[in-house]
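Trainee: I have a structure here, written as structure tokens, and I will follow up with some questions on it.
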Amino acid sequence: MKTKYIFSTGEIKRKDNSIAFKNHKGWNYIPIENVREIYFLNEVSFNSKFLDFIARAGIVLHFFNYYGYYSGSFYPKEHLVSGNLTIKQALAFEKRRLEFARNIVKVIAFNIYEVLYHYYRHDKKELKPYLEYLKKVPVYLEKAQKIEKILFVEGSIWNEFYDSFKYFLPSDFILNKRVKRPPNNPINALISFGNSLLYTKTITAIYHTHLNQTISFLHSPQEARFSLSLDLSEAFKPIIVFRTIFDLVNRKKLQVTKHFEKKLNYALLNEEGKKIFITAFEERINEKFMHKSLNRMVSFQTAIKLDGYKLIKAIINDTEFMPFLIKEKR
Amino acid sequence: MISGTFINYYIHCKTQMWLFANRINLEDNSEDVRIGKVLHEISEEKVDEVSFEGIKVDKITKDYVVEVKKSDSDLEAAKWQLLYYLYVLKQKGIIKKGRIEVFEKRKQNKKKIEVILDDESEKKLLQIINDIKKIINSKMPTPKFENQCKKCAYYEFCFL
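First to last, the protein sequences are chains A and B. Each residue of the first sequence is one higher than the one before, counting from 1459 in our numbering. Each residue of the second sequence is one higher than the one before, counting from 38 in our numbering.
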């Protein structure tokens, strides 16, 4: 099951039992059974017949505007519904929010540690104090008895993480301050774009489980978004989004003058930049590894769905929920 | 309401039955399940599927109730599923024999297997039904790893 990205402008429609896409080069046919989700990164027209076709196949569509901002998803009607589980998920929010939120933050710290340890080993000894801080995160979390405190720890982890970029990224990609909407420099643009891609990937993963997208634990369910997707994507941010960024930037595959919009102060990826980023992102999320407890090969993309399963199990069996740790990779 | 699938899953795997009963029916990308569905669709054209009170009978002839399966890999489960159909029909005063038709032979040589509801199997069936009700209303049974688990749609869910 694949993810399709549509970069060019054009028209998309149902043609017999296939998806047909037309751009300036002509028609292109995509067999529907191989598609799990489609990303639209440009202006494409379609009709409701196409949407109906897509919905029946359970395909999720994600829309990004020309500037690379996420505009929304088309989400077919739920095919996996369990009233029982929804009730239990809501009850878990009441009873177990802190416990779940703590574990999500623990995993963020752990996975960032793994990503940065690579640079530490390669002579970036300045990272040492931050790595030591990350090791102590579980202790700080145990002391945090309110969600605000947990969120504060989470905020500090990310802030210090961004601050550490100066030790191992080229100077034009150093982050002074994380600015989100709109991003104000190349690295902020990369982080925003990468996080939105991961967020939408997680929406698709959750769609294929019985979980309710709006009942979240670390993030507040009042966010009027699919906030569970924000929760479940956290564990994967360091591994998928940031590893992709560091790799592309350090290997100079992405360069400020070549791959960002000059007229927008380099604060947005240009089309070529987006293509390079998405190709690397896809490669990473599809990378397969031997899963420790399952004893079979799974991709990171599947691992996101498996985190959904873990959450379901934790909710129905009253057991611990521990999101994806890079340790699960054997 | 209990259906034939409950009985089948009860014999096959109690965890699977619990999850199914609690509506946690995970998506299945496996080829086998798809083939099974297609076979049912194909055979539906040939026969009239009869469904009532939670049972869905593939075919009813003068003497037989027929259940179509892709393979004979878990015949025991298919057998009890069919016995349940025979039992439900018997309550309505319809007495028939059962026949399982398999498309693919794995464990034995016959393509058609006859199943008969007698006093002994009826007694056991009632016990099974009772037990099913009990399991559904308690905690999820802890999955135990068996060879058959590797092919199950719930494999990842169970052993994560």
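Note that the Cβ used here is the ideal one computed from N, Cα and C, for glycine as well. Predicted model, so just to flag it, every value in this text is computed and none were measured.
#1: Run through the segment 82 to 160 of chain B for me and flag every whole alpha helix (DSSP H) of 4 or more residues, listed as ranges in chain order.
#2: Could you tell me the alpha carbon to alpha carbon distance between A/Phe1700 and A/Ile1649, rounded to whole angstroms?
#3: Unbroken alpha helix (DSSP H) runs of length 4 or more, entirely within the segment 1659 to 1729 of chain A: which are they?
#4: Which class does A/Pro1489 belong to by DSSP, given the choice of helix, strand or coil?
#5: I want to see whether chain A comes within less than 8 Å of B/Asn174, judged by CB atoms only; does it?
#6: For B/Glu104, count neighbouring C-beta atoms within 10 Å of its own C-beta (all shown protein chains included) and say buried if the count is 16 or more, exposed if not.
#7: Which residues in chain B sit within 8 Å of A/Ile1774, going by Cβ to Cβ distance?
#8: May I have the straight-line CA-CA distance separating A/Glu1740 from A/Lys1746, to the nearest angstrom?
#9: Can you tell me whether A/His1520 is helix, strand or coil according to DSSP?
#10: On the DSSP letters alone, give me the boundaries of the beta strand (DSSP E) that A/Thr1461 sits inside.
#11: Starting from the C-beta of B/Gln145, find all residues in its chain whose C-beta is less than 7 Å away, skip the five residues before and the five after it, and write them out in chain order.
#12: Whose Cβ in chain B lies nearer than 8 Å to the Cβ of A/Ile1770?
#13: Residues of chain B with CB closer than 8 Å to the CB of A/Leu1543, please, in chain order.
#14: Is A/Arg1639 helix, strand or coil by DSSP?
#15: Name the chain A residues that come within less than 8 Å of B/Leu197, Cβ to Cβ?
#16: Please list, in chain order, the residues of the segment 1653 to 1674 of chain A that have any C-beta partner in chain B closer than 8 Å.
#17: Kindly list, in the order they appear in chain B, the residues whose Cβ is closer than 8 Å to that of A/Ser1540.
#18: Are the CB atoms of A/Glu1495 and A/Thr1544 nearer to each other than 8 Å?
#19: Considering only DSSP beta bridges, list what A/Gly1484 is partnered with.
#20: Considering Cα atoms alone, identify which of A/Tyr1620, A/Ala1725 and A/Phe1551 is closest to A/Pro1679.
#21: Thinking A/Arg1472 and A/Phe1522 are a contact (beta carbons under 8 Å), I'd like their distance in whole angstroms, please.
#22: Out of A/Arg1554, A/Asn1646 and A/Asp1581, point me to the one whose CA is closest to A/Ile1605's CA.
#23: Taking just the CA atoms, how far does B/Tyr192 sit from B/Glu138?
#24: Check whether the Cβ atoms of B/Ala190 and B/Leu112 sit closer than 8 Å, and answer yes or no.
#25: B/Ile48 and B/Trp117 - do their beta-carbons sit closer together than 8 Å?
#26: If you run the structure through DSSP and keep just helix, strand and coil, what is A/Val1502?
#27: When DSSP builds the beta bridges, which residues end up paired with A/Gly1530?
#28: Where does A/Ser1687 land, buried or exposed, given buried means 16+ other C-beta within 10 angstroms?
#29: Taking the Cβ atom as the reference point for each residue, do A/Asn1775 and B/Met177 lie within a distance shorter than 8 Å?
#30: In terms of alpha-carbon separation, which member of B/Leu119, B/Asn184 and B/Ser175 lies closest to B/Ile150?
#31: May I ask you to list the residues that DSSP assigns as paired with A/Tyr1497?
#32: Output needed for A/Thr1467: all residues of its chain with C-beta closer than 7 Å, excluding positions within five of it in sequence on either side, in chain order.
#33: If we ignore side chains and look at the alpha-carbon of each, how far apart do A/Pro1534 and A/Ser1674 end up?
#34: Specify the secondary structure class of B/Met54 as computed by DSSP and reduced to three states.
#35: Check whether the Cβ atoms of A/Tyr1575 and A/Leu1556 lie closer than 8 Å to each other.
Mentor: Looking at the coordinates:
#1: 112 to 128
#2: 8 Å
#3: 1685 to 1692, 1701 to 1708 and 1714 to 1717
#4: strand
#5: no
#6: buried
#7: Asn59, Ile61 and Met177
#8: 12 Å
#9: strand
#10: Lys1460 to Ile1464
#11: Asp109
#12: Ile61 and Phe194
#13: Asn59, Arg60 and Ile61
#14: coil
#15: Ser1751, Leu1752, Leu1764, Tyr1767, Lys1768 and Lys1771
#16: His1666, Thr1667 and His1668
#17: Asn59, Arg60 and Ile61
#18: no
#19: A/Asn1481
#20: A/Phe1551
#21: Between A/Phe1522 and A/Arg1472 the Cβ distance is about 22 Å, and since that is not below 8 Å, they are no contact.
#22: A/Arg1554
#23: 27 Å
#24: no
#25: yes
#26: strand
#27: A/Phe1521
#28: buried
#29: yes
#30: B/Leu119
#31: A/Tyr1463 and A/His1520
#32: Asn1481, Asn1500, Glu1501 and Val1502
#33: 21 Å
#34: helix
#35: no
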